[in-house]
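Enquirer: Residue numbering for the sequence shown follows this note's numbering, starting at 2 and increasing by one per position.
Idealized CB from N, CA, C, for every residue including glycine.
Since the structure is predicted, the reported quantities are computational estimates derived from the model, not experimental observations.
Here it is, the structure, as structure tokens.
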Amino acid sequence: MCVSGGSNHISSNRSFDISVSASSLSATETTSDEKTASIDEILNGIATKLLSGQDITKAEAKTLENITATPQGKGKLTSTQKKLIKTTDKLAKEILKSKGSYKAKQQKVRKLLDSVQDGDLVTQQVKVKVLLAMHTAREASYCQNKATEILKKKGTISEKEILKLIEEDNKACPPLANKAGTLAFQAGKHKVFYDSKGKLTLASPDRKATVPIEQARNNKKLKPAQVAQMIQTLHDVVDNTPYNNVGPMLEFMKFFREASTNNPELTLSQAFEAHQSSPEQVYDKYHSGDCVIFAGKLKSELSARGFKAAIAGQYTGTAWARPPLPETSGNFSIWKGYDQATENVQHCCTVVRYSDRKGEDRVLALDTWAGDNEPADYDSFSAWTDMSGALDTTEGITNIGHILKMQMRGKSKMILMGKAGMQEQFGIDLIRGNIYLNTGGAKGLDGLPLGASGRFSISLQDLRDNPDRQATYYVDGNPVQMTHREALEAFQGAAGERFQLPRDFSGNIMTLAENADDLVSHVLISTVATAKQVSNVAMGAHRLVLQTDDKAREYKNLEGKEDTPEPIRTLINAYLENQEKMRQRFDSLQQKILDDDVNKVRNHAATITAMAAELAQIVAQIEAEPPELANL
Numbered sequence: 002m003c004v005s006g007g008s009n010h011i012s013s014n015r016s017f018d019i020s021v022s023a024s025s026l027s028a029t030e031t032t033s034d035e036k037t038a039s040i041d042e043i044l045n046g047i048a049t050k051l052l053s054g055q056d057i058t059k060a061e062a063k064t065l066e067n068i069t070a071t072p073q074g075k076g077k078l079t080s081t082q083k084k085l086i087k088t089t090d091k092l093a094k095e096i097l098k099s100k101g102s103y104k105a106k107q108q109k110v111r112k113l114l115d116s117v118q119d120g121d122l123v124t125q126q127v128k129v130k131v132l133l134a135m136h137t138a139r140e141a142s143y144c145q146n147k148a149t150e151i152l153k154k155k156g157t158i159s160e161k162e163i164l165k166l167i168e169e170d171n172k173a174c175p176p177l178a179n180k181a182g183t184l185a186f187q188a189g190k191h192k193v194f195y196d197s198k199g200k201l202t203l204a205s206p207d208r209k210a211t212v213p214i215e216q217a218r219n220n221k222k223l224k225p226a227q228v229a230q231m232i233q234t235l236h237d238v239v240d241n242t243p244y245n246n247v248g249p250m251l252e253f254m255k256f257f258r259e260a261s262t263n264n265p266e267l268t269l270s271q272a273f274e275a276h277q278s279s280p281e282q283v284y285d286k287y288h289s290g291d292c293v294i295f296a297g298k299l300k301s302e303l304s305a306r307g308f309k310a311a312i313a314g315q316y317t318g319t320a321w322a323r324p325p326l327p328e329t330s331g332n333f334s335i336w337k338g339y340d341q342a343t344e345n346v347q348h349c350c351t352v353v354r355y356s357d358r359k360g361e362d363r364v365l366a367l368d369t370w371a372g373d374n375e376p377a378d379y380d381s382f383s384a385w386t387d388m389s390g391a392l393d394t395t396e397g398i399t400n401i402g403h404i405l406k407m408q409m410r411g412k413s414k415m416i417l418m419g420k421a422g423m424q425e426q427f428g429i430d431l432i433r434g435n436i437y438l439n440t441g442g443a444k445g446l447d448g449l450p451l452g453a454s455g456r457f458s459i460s461l462q463d464l465r466d467n468p469d470r471q472a473t474y475y476v477d478g479n480p481v482q483m484t485h486r487e488a489l490e491a492f493q494g495a496a497g498e499r500f501q502l503p504r505d506f507s508g509n510i511m512t513l514a515e516n517a518d519d520l521v522s523h524v525l526i527s528t529v530a531t532a533k534q535v536s537n538v539a540m541g542a543h544r545l546v547l548q549t550d551d552k553a554r555e556y557k558n559l560e561g562k563e564d565t566p567e568p569i570r571t572l573i574n575a576y577l578e579n580q581e582k583m584r585q586r587f588d589s590l591q592q593k594i595l596d597d598d599v600n601k602v603r604n605h606a607a608t609i610t611a612m613a614a615e616l617a618q619i620v621a622q623i624e625a626e627p628p629e630l631a632n633l
């Protein structure tokens, strides 16, 4: 960012002296040609970086600061030198101002530097002055300072005002690539971040923002043909469009890769805070989406056609809102952590409040479920609010990208469907740690690299730790040696058309693999990290419960028979009683996952294993009875 003004680091007096304490170099009127040349090399290197938009190192910045000019009362300057220094002063001041294009300023600096010769002390003075100005412009805070001034004066700053400041800053100043993906500053309720290239960008509010759903001027007295046009827009956006909640995560991975390339110190959690999810961009890139993506895209398309729509959030208890537990029936289908993160928005629909030709208030509800998407037309706003089940029945969500990003925090497993729908699925499972295709998704794909099991699956750990290690994959029935990276690329080649995979898909999957552990630990809701940590023991306990469930059903049937002998009936009752206790212990285990209590999860799993052994002993006793009794 730029500053609106700045002090002169170098005096324009007629006598001068230049010293370089940081590099143990010095240049005075008696400095050797060799040392003067060394200073020129340093300055030329710094100039090359700054003129190409790169950042200079801390040592190089320190070198610039330590090269100073002080009056000595001697060394009179020629008229040409005086003119050059005057031109330099003017250009330095221009660089430090916020107005004007930074590219134009760069061109002026380049022209100035090209016009001077190395080996001259005045030349070094000129270089230092403009380079210090360029470096200061990169590090200063014009936008923040202006925003602070407005806040002090008015007590608040509008989104329009801060967007104008950002636009001016981005136009006038160079991007700060070394700060890509981090918070620049906060002004009131507004947060300003550096994007993946280091340009300023205004973040969406980090809480759900809503406005009343009102009848806009454009939506008054609509003709039947206009209503039909809105309905057709819904069909155009959603019909035959596959389900996809993979895209938002991969777009975040792309953002992190690009930003961290410019800013190696960037953390994944910092990048997540800075990342701005866009439903429309995901839809346009993947030609697929989920309800949030569809709702955002549909609202945008209706706006392009002259209709004002709103997005209403609903609490529907969808499968994607369930916690990553071995079993999510009953009480465990509710995930309070997810509800809190998404502010209870699990589903979204698009609504248009309008009036018909008679001027009567109506609502067209354009739901965006995959599959059947026939809209409902209500004869009043209250009729829709009574029927919709929407949380925000009178409010429309204005920052739908925030909801999309927050829903990502609960996605330990993501699905991208093929053009044929549900039967074709590509998945990412962060708990199991792999990418995979279901049977339908792999069927009929030539050139698909399969594992020994006959399925497509690649471990995220292999892609992270050993991407270029050779492994045996089976392609069209033949064993082929290829690296895990090559297998991923082969998958994209084989399945790209079916799943409409974008060009950067493999690169984004690689970034996901490299950061999967950090993603689970520091970005997703804490339950996901706990579930991954105890996955093996929790799933093992679940298998034991399922096995004893089978026996429990069998024994309940046997107990109900009148001729079942009393000794067997007693054993059966003992089995059913202990099996119920085992189930209760498993419920407690699941609750401990939600409580992030890893030790209790392991303890409960060990207890379940012991209980299963006791149940096995009862089974042995029942089956040890005389055949005529045991087979009743």
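Straight-line CA distance for R456 to A443?
Expert: So the two alpha carbons sit approximately 8 Å from each other.
Enquirer: Go ahead and pull the three-state DSSP assignment for A614.
Expert: DSSP places A614 in helix when its eight states are reduced to three.
Enquirer: Taking 6 Å as the limit between beta carbons, can you name the residues of its chain near T343, skipping five residues before and five after?
Expert: So the qualifying residues of the chain are M407, Q408.
Enquirer: My assumption, with CB atoms under 8 Å, is that K180 sits in contact with N264. Please give the rounded CB distance.
Expert: Indeed, because the Cβ distance is near 6 Å, the residues count as touching under 8 Å.
Enquirer: Could you please give the first and the last residue of the uninterrupted alpha helix (DSSP H) stretch that includes C144?
Expert: Run containing C144: 143-155, per the alpha helix (DSSP H) assignment.
Enquirer: Distance, Cα to Cα, F427 vs G441?
Expert: Roughly 10 Å separates the two Cα atoms.
Enquirer: Quick one: complete beta strand (DSSP E) runs, 3+ long, within the stretch 271-353?
Expert: Within the stretch 271-353, the complete beta strand (DSSP E) runs of at least 3 residues are 311-315.
Enquirer: Could you tell me the boundaries of the alpha helix (DSSP H) in which F256 lies?
Expert: From DSSP, the alpha helix (DSSP H) with F256 extends over 248-263.
Enquirer: The beta strand (DSSP E) spanning G422 covers which residue range?
Expert: Its beta strand (DSSP E) spans residues 422-430.
Enquirer: Give every residue of the same chain whose Cβ lies closer than 6 Å to the Cβ of R1, excluding the five residues on either side of it in the sequence, and list them in chain order.
Expert: As shown, the chain starts at 2 and ends at 633. That puts residue 1 outside it, with no answer to give.
Enquirer: To the nearest angstrom, how far is the alpha carbon of P503 from that of T157?
Expert: Their backbone Cα atoms lie some 42 Å apart in a straight line.
Enquirer: If we count the other Cβ atoms within 10 Å of its Cβ and call it buried at 16 or more, is T89 buried or exposed?
Expert: With 16 or more other Cβ atoms within 10 Å, it is buried.
Enquirer: Going by other Cβ atoms of all chains shown within 10 Å of its Cβ, with 16 needed for buried, is T512 buried or exposed?
Expert: Buried: at least 16 other Cβ atoms inside 10 Å.
Enquirer: Across the stretch 373-386 and the stretch 347-365, are there enough close Cβ pairs to call them in contact, namely three or more that are closer than 8 Å?
Expert: As far as the Cβ criterion goes, the stretch 373-386 touches the stretch 347-365, which means the pair count is three or higher.
Enquirer: Taking the C-alpha atoms as reference points, what is the distance between L438 and A453?
Expert: Computed Cα separation, rounded: 14 Å.
Enquirer: Should the stretch 216-234 be regarded as contacting the stretch 462-479, the criterion being three or more beta carbon pairs within less than 8 Å?
Expert: Short answer: they don't touch.
Enquirer: So, L251 versus A260, is the Cβ gap smaller than 8 Å?
Expert: Going by C-beta atoms, L251 is not nearer than 8 Å to A260.
Enquirer: Can you tell me whether D196 is buried or exposed, with buried defined as 16 or more other CB within 10 angstroms of its CB?
Expert: D196 is buried by the Cβ-count criterion.
Enquirer: Label A204 either buried or exposed according to how many other C-beta atoms from any shown protein chain fall within 10 Å of its C-beta, with 16 as the threshold for buried.
Expert: It counts as buried.
Enquirer: Check whether the Cβ atoms of H485 and D518 sit closer than 8 Å, and answer yes or no.
Expert: No, the pair does not count as a contact, with Cβ atoms beyond the cut-off.
Enquirer: Is it buried or exposed, R470, if we count other Cβ atoms within 10 angstroms and call 16 or more buried?
Expert: Exposed is the call here.
Enquirer: Starting from T440, follow the alpha helix (DSSP H) in both directions and report where the run begins and ends.
Expert: From DSSP, the alpha helix (DSSP H) with T440 extends over 440-443.
Enquirer: Just grab the DSSP bridge partners of M415 for me.
Expert: BP columns for M415 point to I429.
Enquirer: Rounded to the nearest angstrom, what separates G561 and Q585 at their Cα positions?
Expert: Near 24 Å, if we compare the C-alpha coordinates of Q585 and G561.
Enquirer: Bridge partners for K192 per DSSP, in chain order?
Expert: Answer by DSSP bridge pairing, in chain order: Q187.
Enquirer: Going by DSSP, what residues sit across from R363 in a beta bridge?
Expert: R363 is bridged to Y355.
Enquirer: Just to confirm, is the Cβ distance from G397 to A311 under 8 Å?
Expert: Contact: yes.
Enquirer: Throw me the rounded Cβ distance for the M1 and L51 pair, which I believe falls under 8 Å.
Expert: Here the chain comprises residues numbered 2 to 633, so residue 1 is not present and cannot be evaluated.
Enquirer: Apply the 10 Å Cβ neighbour rule to N400 and answer buried if 16 or more other Cβ atoms are within range, or exposed otherwise.
Expert: So N400 ends up on the buried side.
Enquirer: What does the Cβ neighbour count give for R111, buried or exposed, with the cut at 16 atoms within 10 Å?
Expert: That one is exposed.
Enquirer: Report yes if the C-beta distance between L299 and L235 is below 8 Å; otherwise report no.
Expert: Yes; because the gap between Cβ atoms is below 8 Å, this pair is in contact.
Enquirer: Leaving out five residues on either side along the sequence, give the residues of the same chain with a beta carbon under 7 Å from the beta carbon of D524.
Expert: Looking at the sequence itself, residue 524 is Val, so the reference to Asp does not match. Within the same chain, V524 has close Cβ partners L269, S270, F273, R410.
Enquirer: List the endpoints of the continuous alpha helix (DSSP H) containing Q501.
Expert: Here Q501 belongs to no alpha helix (DSSP H), and DSSP marks it neither H nor E.
Enquirer: Put L201 into one of helix, strand or coil per three-state DSSP.
Expert: Strand.
Enquirer: Determine the burial state of T351: buried for a count of at least 16 other Cβ atoms within 10 Å of its Cβ, exposed for fewer.
Expert: T351 comes out buried.
Enquirer: Between which two residues does the beta strand (DSSP E) carrying S460 extend?
Expert: Unbroken beta strand (DSSP E) run through S460: 458-460.
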